[in-house]
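2 protein chains.
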Amino acid sequence: MSAARKPTLAVVGATGAVGTVMLGILSSREDVWGEIRLIASPRSAGRRLVVRGEEIEVIALSEEAFEGVDVAMFDVPDEVSAQWAPIAAAKGAVAVDNSGAFRMDPDVPLVVPEVNAHAARVRPRGIISNPNCTTLSMIVAMGALHAEFGLTELIVSSYQAASGAGQPGIDTLREQLTKVAGSNLGTQPGDVRRAVGDFGPFPAPLALNVVPWAGSLKEDGWSSEELKVRNESRKILGLPDLRVTATCVRVPVITTHSLAVHARFENEVTVERAHEILGSAPGVVVSDNPAEGEFPTPADVVGTDPTWVGRVRRSLDDPQALELFVCGDNLRKGAALNTAQIAEVVAAELTAAG
Amino acid sequence: MSAARKPTLAVVGATGAVGTVMLGILSSREDVWGEIRLIASPRSAGRRLVVRGEEIEVIALSEEAFEGVDVAMFDVPDEVSAQWAPIAAAKGAVAVDNSGAFRMDPDVPLVVPEVNAHAARVRPRGIISNPNCTTLSMIVAMGALHAEFGLTELIVSSYQAASGAGQPGIDTLREQLTKVAGSNLGTQPGDVRRAVGDFGPFPAPLALNVVPWAGSLKEDGWSSEELKVRNESRKILGLPDLRVTATCVRVPVITTHSLAVHARFENEVTVERAHEILGSAPGVVVSDNPAEGEFPTPADVVGTDPTWVGRVRRSLDDPQALELFVCGDNLRKGAALNTAQIAEVVAAELTAAG
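Going line by line, the protein sequences match chains A and B.
Take the first sequence: its position 276, counting from 1, is numbered 276 in full-length UniProt numbering, and each next residue is one higher.
Take the second sequence: its position 159, counting from 1, is numbered 159 in full-length UniProt numbering, and each next residue is one higher.
Given below as structure tokens:
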């Protein structure tokens, strides 16, 4: 790439839930890109979408679509990424993949720029993975605390939004809400189940309910989402033996995942020092003054970039453990924003290399 | 009391959210009571409510109202119980109190019949306390596991229903739902906050949101609800040094609290043995087959009596710890049902004493 030219970016999956947020993010961040090419399934080809104030026609996914692309972001299902990210890489692009297809591949770095930007430089397959949205919703805050106190254990319970299951998740929750609003439902066993009809991508009704399941069934009763939180946290933090336990639960929120986190450290902790660390960590905002009603909630965090942390308490039984409540927009930092940040790290490297 | 006479029961707070459920429960359980007297604030006096298929006129709370009462249930705010439960006791009734006024009083037993029915017999003040609804939603299951494995630590995150804040909580959520249904709210910071207007008893919007707060602010950033889970679990289980950490979060569900529980034991555990213990424990139902979509959710559990347990997993890092997801109807086992069960224990004692 010539030093004068800005790199070319391809957005694969430009018309999906994450892709839509991505176009907004690309339009609002510092403009490091030359051409931005929008790619989607043949079904969506020909649609015109606005990015950086400019209408661009969506082109169909094909080998030729990656011609001349420097960085290709993938916001598509696992199987599409598994097939096409290596093709993009073979065409010379650095693929930044937001699917689960490559995250645990030892030859693919799993990157959160605030925590392990350095890892993005070593990419034997030409692919960099973006973590799962649930892991991403807490990991920037955990990385900052780990750097000071030395993390030894995470026990987390999630409160995951409908949009973690993509646009069908959003649509399902919205439709269910219209069916339960104005009713007296939610007081008799199964009344909501019978009233909402379609569960969409969820295994139970989501309106007026919480559903202790996300993803697919893995060994010993764990869900894929719970194992992702475990395995990805270990890989990002570079702590292969970190003790991590997650229980993943879907809640009737459109967008923004929350997590209640019990974090144990090698050293004694104080709330004051935790506040200082988190308050000065890039990408983290502390909102922690319950006396004034200040703590993060999805309704306030949605649409924002940072990881919000509140309810910081030192465990009453354990001076080496903190309790925290963390919120992050799962479509922004949890997906599109982190992907954009990784792509910018690569763009800076390519531009510097000239 | 003469052996021939069935004991007289007073229900104080008969017109509230818990009181209403109580009348249904009294109508459906084995009929151990003679007269049932309904008592409420002077404002509600004169209303006629149905219990055991019979209309009864509500009378105003007064000293005379407890004349001839053997057992008086209190489903009223803390300050009303604090004043009136001792008056009922002085009039010779056994007060069974569902408020927080006496729970941690060393001279007042805190009773869950499946776990510590024996404690109900020793009541120096003539008062027995019913635990907080969040503690009650898990404690029957935890008591059963403790009896086998020896509990050493609980780390719990709650998913608490609106009705935990009484009828105003239910009304607030219902009203907020009508305002967000059919909208595109929940995608921009504060859009839900601005749209719903009144937060009712909650410190933030509850529709399309989760709120990491329940109760009042106590020392070091803990909420009163979180400390109740800790202190009451210890007292009920008779384990004053049990390590207990809770993070209490309100979710947009009408009724039924859920808890994600990390439970650590003195001995190694297996999922199989945990299933056996829970499956044979009185008042517990196991629903744990994710392959078939079987796990408890509030929408299915609401209106039922047992504690439902699912998602049982052995911690991957710790053979002495289990992860569980537990649901219990907070107005039934979490309040009215447990109060009724305590009252029945007392009734049996009084009847046997003759």
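Every residue gets a Cβ at the ideal spot worked out from N, C-alpha and C, and that includes glycine.
Between the options, which has its C-alpha nearest residue i's C-alpha?
| i | options | result |
| --- | --- | --- |
| B:Val309 | B:Ala120, B:Ala161 and B:Gly143 | B:Gly143 |
| A:Gly92 | A:Lys6, A:Asp191 and A:Ile127 | A:Ile127 |
| A:Phe265 | A:Thr255, A:Ile87, A:Arg243 and A:Pro205 | A:Arg243 |
| A:Arg234 | A:Asn98, A:Ile59, A:Asn116 and A:Leu61 | A:Asn116 |
| B:Pro201 | B:Asp191, B:Trp213, B:Gly190 and B:Val192 | B:Trp213 |
| A:Ala120 | A:Leu350, A:Leu145, A:Glu323 and A:Val346 | A:Val346 |
| B:Phe74 | B:Ile59, B:Val96, B:Ile56 and B:Glu63 | B:Val96 |
| A:Thr247 | B:Pro205, B:Ala260, B:Asp300 and B:Thr256 | B:Ala260 |
| A:Ser129 | A:Ile170, A:Ser81, A:Asp70 and A:Leu145 | A:Ser81 |
| B:Arg250 | B:Ile236, B:Ile25, B:Thr15 and B:Ser158 | B:Ser158 |
| B:Val51 | B:Val71, B:Pro42 and B:Ala14 | B:Ala14 |
| A:Trp222 | B:Glu349, B:Thr307 and B:Leu324 | B:Leu324 |
| A:Thr8 | A:Pro298, A:Phe66 and A:Gly190 | A:Phe66 |
| B:Glu79 | B:Leu110, B:Ala72, B:Ser99 and B:Ile87 | B:Ser99 |
| A:Glu153 | A:Leu185, A:Arg230, A:Val210 and A:Leu206 | A:Arg230 |
| A:Val330 | A:Ala353, A:Leu227, A:Pro282 and A:Val302 | The question names Val, but residue 330 of chain A in the sequence shown is Asn. Measuring from the Cα of A:Asn330, the nearest candidate turns out to be A:Val302. |
| A:Leu185 | A:Thr172, A:Leu206, A:Ile170 and A:Asp171 | A:Leu206 |
I want to verify the contact list: residues of chain B whose CB lies under 7 Å from the CB of residue i, in sequence order.
| i | result |
| --- | --- |
| A:Ile155 | Ile155 and His262 |
| A:Gly328 | Residues of chain B passing the Cβ test: none, with the nearest at roughly 13 Å. |
| A:Asn209 | Val253, Thr297, Pro298 and Ala299 |
| A:Trp222 | Arg313 |
| A:Leu217 | Pro290 and Ala291 |
What residues match up with residue i in a beta bridge as DSSP calls it?
| i | result |
| --- | --- |
| B:Cys297 | Note that residue 297 of chain B corresponds to Thr in the displayed sequence, not to Cys. Answer by DSSP bridge pairing: none, since B:Thr297 is not bridged. |
| A:Leu217 | A:Ser223 |
| A:Gly310 | A:Phe325 |
| B:Ser258 | B:Tyr159 and B:Cys327 |
| A:Ala246 | A:Val156 |
| A:Arg48 | A:Glu57 |
| B:Val11 | B:Leu38 and B:Met73 |
| B:Pro289 | Before going on, a small fix: residue 289 of chain B reads as Asn here, not Pro. Bridge partners of B:Asn289: B:Glu294. |
| A:Ala263 | A:Leu154 and A:Leu322 |
| B:Val251 | Note: B:Val251 sits in no beta bridge, so no partner. |
| B:Val21 | Partner(s): none; B:Val21 has no beta bridge. |
In chain A, which residues lie with their C-beta within 8 Å of the C-beta of residue i?
| i | result |
| --- | --- |
| B:Thr187 | Ile254, Thr255, Val302 and Gly303 |
| B:Pro212 | Ser258, Ala260, Phe295, Pro296, Thr297, Gly310, Arg311 and Phe325 |
Residue i and residue j: beta carbons closer than 9 Å?
| i | j | result |
| --- | --- | --- |
| A:Ala321 | A:Arg314 | yes |
| B:Gly136 | B:Gly19 | A quick correction: the sequence has Leu, not Gly, at residue 136 of chain B. For B:Leu136 and B:Gly19, no; Cβs fall outside 9 Å. |
| B:Asp317 | A:Thr270 | no |
| B:Pro290 | A:Leu217 | yes |
| B:Asn338 | B:Pro113 | yes |
| A:Phe102 | A:Val94 | no |
| A:Glu232 | A:Pro131 | yes |
| A:Val253 | A:Ala181 | no |
| B:Val12 | B:Leu61 | yes |
| B:Lys333 | B:Asp305 | yes |
| B:Val58 | B:Ala40 | yes |
| A:Ile155 | B:His262 | yes |
| B:Arg37 | B:Ile56 | yes |
| A:Gln341 | A:His257 | no |
| B:Ser183 | B:Ala195 | yes |
| B:Thr255 | A:Thr187 | yes |
| B:Asp191 | B:Gln176 | no |
| A:Pro203 | A:Val210 | no |
| A:Arg123 | A:Pro86 | no |
Could you tell me which chain B residues have their CB closer than 9 Å to the CB of residue i, listed as they occur along the chain?
| i | result |
| --- | --- |
| A:Phe149 | In chain order: nothing, as chain B lies at least about 17 Å away. |
| A:Ala204 | Gly293, Phe295, Thr297, Ala299 and Asp300 |
| A:Val271 | Asp220 and Gly221 |
Who are the neighbours of residue i on chain A, taking C-beta pairs under 7 Å?
| i | result |
| --- | --- |
| B:Ala181 | Leu177, Thr178 and Ala181 |
Going along chain A, which residues have a C-beta under 9 Å from residue i?
| i | result |
| --- | --- |
| B:Leu316 | Asp220, Trp222, Leu227, Arg230, Arg243, Val244 and Thr245 |
Which residues in chain B sit within 8 Å of residue i, going by Cβ to Cβ distance?
| i | result |
| --- | --- |
| A:Arg193 | Ala299 and Asp300 |
| A:Gly190 | Ala299 and Asp300 |
| A:Val249 | Tyr159, Ser258, Ala260 and Phe325 |
Looking at chain D, is there any beta carbon in it that lies within less than 9 Å of the beta carbon of residue i?
| i | result |
| --- | --- |
| B:Arg103 | Protein chains A and B are contained in the structure displayed, whereas chain D is not. |
Scan the stretch 122-206 of chain B and note each continuous alpha helix (DSSP H) run of 4 residues or more that stays entirely inside, going in chain order. 133-149, 166-180 and 191-196
Which residue spans inside the stretch 57-113 of chain A form an unbroken alpha helix (DSSP H) run of at least 4?
78-90
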